[in-house]
Amino acid sequence: MAISANRLELLQIADAVAREKSIDRNIVITAMEDAIQKAARSRYGTETEVRAEINAKTGEIRLQRLLQVVEAVENVSTEISLDDARARNPEANLGDFIAEPLPPLDFGRIAAQSAKQVIVQKVREAERDRQYEEFKDRVGEVVNGVVKRAEYGNVIVDLGRGEGIVRRDELIPREAFRTGDRIRAYIYDVRREQRGPQIFLSRTHPQFMAKLFAQEVPEIYDGVIEIKSVARDPGSRAKIAVISKDSSIDPVGACVGMRGSRVQAVVGELQGEKIDIIPWNEDPATFIVNALQPAEVAKVVLDEDAERIEVVVPDEQLSLAIGRRGQNVRLASQLTGWAIDIMTEQEESERRQKEFQERSQLFMDALNVDEMVGQLLATEGFTSVEEVAYVDLDEIAMIEGFDEETAEEIQARARDYLEELEANLDKKRIELGVSDDLRSIDGMTTAMMVALGKDDIKTMEDLAGCAADDLVGWTERKDGETKRFEGSLSGMDLSRAEAEAMVMAARVAAGWVTEEELAAMSAEAEVEDAEEIEEAETETAPAGAILNG
1 MAISANRLEL
11 LQIADAVARE
21 KSIDRNIVIT
31 AMEDAIQKAA
41 RSRYGTETEV
51 RAEINAKTGE
61 IRLQRLLQVV
71 EAVENVSTEI
81 SLDDARARNP
91 EANLGDFIAE
101 PLPPLDFGRI
111 AAQSAKQVIV
121 QKVREAERDR
131 QYEEFKDRVG
141 EVVNGVVKRA
151 EYGNVIVDLG
161 RGEGIVRRDE
171 LIPREAFRTG
181 DRIRAYIYDV
191 RREQRGPQIF
201 LSRTHPQFMA
211 KLFAQEVPEI
221 YDGVIEIKSV
231 ARDPGSRAKI
241 AVISKDSSID
251 PVGACVGMRG
261 SRVQAVVGEL
271 QGEKIDIIPW
281 NEDPATFIVN
291 ALQPAEVAKV
301 VLDEDAERIE
311 VVVPDEQLSL
321 AIGRRGQNVR
331 LASQLTGWAI
341 DIMTEQEESE
351 RRQKEFQERS
361 QLFMDALNVD
371 EMVGQLLATE
381 GFTSVEEVAY
391 VDLDEIAMIE
401 GFDEETAEEI
411 QARARDYLEE
421 LEANLDKKRI
431 ELGVSDDLRS
441 IDGMTTAMMV
451 ALGKDDIKTM
461 EDLAGCAADD
471 LVGWTERKDG
481 ETKRFEGSLS
491 GMDLSRAEAE
501 AMVMAARVAA
511 GWVTEEELAA
521 MSAEAEVEDA
531 EEIEEAETET
541 APAGAILNG
């Protein structure tokens, strides 16, 4: 059969639209079928169930009306009796549909306009789905595009098979793009929204710089050198931590390149942003010292629980370590994940002197001794009355100028002081109304009970309702800044594991859970941890499609 000009033109239109929008030809033909069905309903009645089929090879259009088989016909446009249905198809049963051919449809102006709207809508939806499916798995890539337009400070980018947006806050400061400019950016998010997929691009994201280095440094692309972390102050300064898996390759030198060629290529793309390339080290102290380059560090003191570090620098290095408007120390903190406190050697010396005087005064007041004895104890490294009270007697007797009798007297005074302190604390506990039952919790002290009472944790039920964070505090990191929130027992030398054990013991004592259930929960948690590790190490095959026969 010869294909008519109209039919041939229909297929040609479908092919042209499919190529232009980069979508499947069958989607366009299906959209045409939907459009014809809508036009046919307006011709034969909106309640009529019409089916349109376009032959993908010949372009022939077939129109059919579906009639449901029923016992009693109420609407001849949508229903057919069982007897009439079996006259057409002997196998027809109640509830089945019989297809009845309809004559070819002549499109009027309104029907054609309506059909066009249906086709445009369906094609637009298919195009959006294609864009989303194409870009949703490309999050984390660097893409090249052409600036389509700039509006309200945002830059709309033509990505060829999609359109992305670089919002004003994702552009490097003082950076300006005009229509037609080439732009390179990082895809950090792709969302399916009502108006179509939104592809969000960034030039300030830390990973944008990491991806640029991967493009410029073959060793990073091949995985020989790994980028551990990145911190940026876009358009001004950045720090990047790298480590080499091959001991014969210098990670910093490889990133710098011959005469700085590699790093300069990245700097040029980032509008002159100065980049410090830092060798990564698994030892936090060494890594932080490296991160504070170019400043020299004299000494560091780590607080691992709070992820905080004190850095002591020479007096003349202070401004260099802090950087302009705190930039150097802020970037170092973001790079390492540690809160960094910087002080000069003079400040540290003054602080140590102050701490020495405070400890000496503590011993003088608590033990009723003169200044010389208090200073001797502080000099020997004693930091609390408890240490003096319960340390081996020989350690006190060995101090120059002390004998065994003096050591016994000092230790006796220390124990008397602690007993008096305990009695005062217990009296305060009773005044606060803290239950004596809490003493049954392993590791609980009277000082802890007073601290809990001040936070209105007074009974076993109250303690059972707490979390470990409520007791020892927690740390939150936001916008590169670390903030510490104190708990009821902060500063009492209590670890998080010990706090969790106290809470669980309180729940057992309060009857919330039994020892057996607690043991079962612990065993289950261990199994889940082991399964998670195993899943992470094993590649799972994708699930197969379920086919209905």
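With the first letter of the sequence shown counted as 1, position 502 gets the number 502 in our numbering; the numbers rise by one all the way through.
Even for Gly, the Cβ is constructed at its ideal location relative to N, Cα and C.
In the structure shown, the three-state DSSP call for I275 is strand. Of Q121, V73 and L67, the smallest CA-CA separation from D96 is found for L67. Bounds of the beta strand (DSSP E) holding A339 are A339 to T344. Cα atoms of R324 and D233: separation of roughly 12 Å, rounded to the nearest angstrom. Straight-line spacing of the CA atoms in L425 and N281 works out to 46 Å. Going by DSSP, R429 is part of the alpha helix (DSSP H) stretching over E404 to L432.
DSSP, reduced to helix, strand and coil, places T336 within a helical segment of the structure shown. In this chain, the alpha helix (DSSP H) harbouring Q207 covers P206 to E216. Between L94 and E71, the gap from beta carbon to beta carbon is short of 8 Å. CA-CA distance, A306 to W474, rounds to 8 Å. Taking a cut-off of 8 Å for Cβ pairs, the stretch 481 to 499 and the stretch 416 to 432 do not touch, as fewer than three such pairs fall below it.
Under DSSP, T475 forms a beta bridge with R484. DSSP lists A231 and D276 as the bridge partner or partners of K239. In the displayed model, Y186 falls within a strand according to three-state DSSP.
Secondary structure at E304: coil, using DSSP grouped into helix, strand and coil. Its chain contains G473 as the residues whose beta carbon lies nearer than 8 Å to that of E486, once the 5 sequence neighbours on both sides are disregarded; these appear in chain order. The count of Cβ pairs closer than 8 Å, one atom from the stretch 325 to 344 and one from the stretch 366 to 375, stays below three, leaving the stretches out of contact.
Here the C-alpha atom of I156 lies approximately 9 Å from the C-alpha atom of R167.
In the three-state reduction of the DSSP assignment, L201 falls in the strand class, which pools E and B.
In the assembly as shown, T446 is a buried residue. Its beta-carbon has 16 or more other beta-carbons within 10 Å. Around the beta carbon of Q317, 16 or more other beta carbons lie within 10 angstroms, which makes this residue buried. For D462, the uninterrupted alpha helix (DSSP H) segment begins and ends at M460 to A464.
For L452, the uninterrupted alpha helix (DSSP H) segment begins and ends at T446 to K454. Taking each of V388, M32, N144 and A506 in turn and checking the Cα distance to L212, the smallest one comes out for N144. For F97, the enclosing beta strand (DSSP E) covers residues F97 to P101. The alpha carbon of V120 has as its nearest neighbour, out of Q37, V17 and E91, the alpha carbon of V17. Annotation for N144: no alpha helix (DSSP H) segment contains it, though the beta strand (DSSP E) segment containing it runs V142 to E151. Following the DSSP letters along the chain, one finds S319 inside the alpha helix (DSSP H) bounded by residues L318 to I322. One Cα belongs to D169, the other to I183, and the distance between them is close to 16 Å. The beta carbons of V69 and I98 sit about 6 Å from each other, so the pair counts as a contact at 8 Å. Short of 8 Å from the beta carbon of E400, and not among the five residues preceding or following it, lie these beta carbons of its own chain, in chain order: L376. Taken through DSSP and simplified to helix, strand or coil, A87 comes out as helix. According to the DSSP assignment, D137 belongs to no beta strand (DSSP E), since it is labelled neither H nor E.
In the displayed model, K299 falls within a strand according to three-state DSSP. Of the candidates R191, K228, G223 and I172, the residue whose Cα lies closest to the Cα of S202 is I172. Rounded to the nearest angstrom, the Cβ distance from E49 to R65 is 7 Å, consistent with a contact under 8 Å.
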